[in-house]
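Residues in the sequence shown are numbered consecutively from -15, following our numbering. Ideal Cβ positions, reconstructed from N, Cα and C, are used throughout, including at glycine.
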Amino acid sequence: MTPKDLPGRTWREARTDDIIWAREHLFPWVLQRLKQRVSDDGRHAKRPDPGPVFGAWMPPGTFVENEPQS
């Protein structure tokens, strides 16, 4: 199974698409960086506080807390 060939585009059509992409995505990104604004789009870290990382060297259940349990 082979994919169909993409329709041919002229050089001008390709550059037009490049300019549209730059206007919609690149320029706003560059302007944000120049203004040094933080891009907060409402997304936050799933786990903002550091925690244990388990792997082959430390299987689950072997984590020891630094604070004594009472």
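- Give every residue of the same chain whose Cβ lies closer than 6 Å to the Cβ of R56, excluding the five residues on either side of it in the sequence, and list them in chain order. Limits of the chain in this structure are -15 at one end and 54 at the other, which puts residue 56 out of reach.
- Task: Give me the Cα-Cα distance between L(-10) and E(-3), rounded to the nearest whole angstrom.
- Result: Along the sequence shown, read from residue 1 onward, the residue named residue -10 stands at position 6. Along the sequence shown, read from residue 1 onward, the residue named residue -3 stands at position 13. Approximately 14 Å, taken between the alpha carbons.
- Span of the alpha helix (DSSP H) holding D1? Taking the first residue of the sequence shown as 1, we reach residue 1 at position 17. From DSSP, the alpha helix (DSSP H) with D1 extends over W(-5) to W5.
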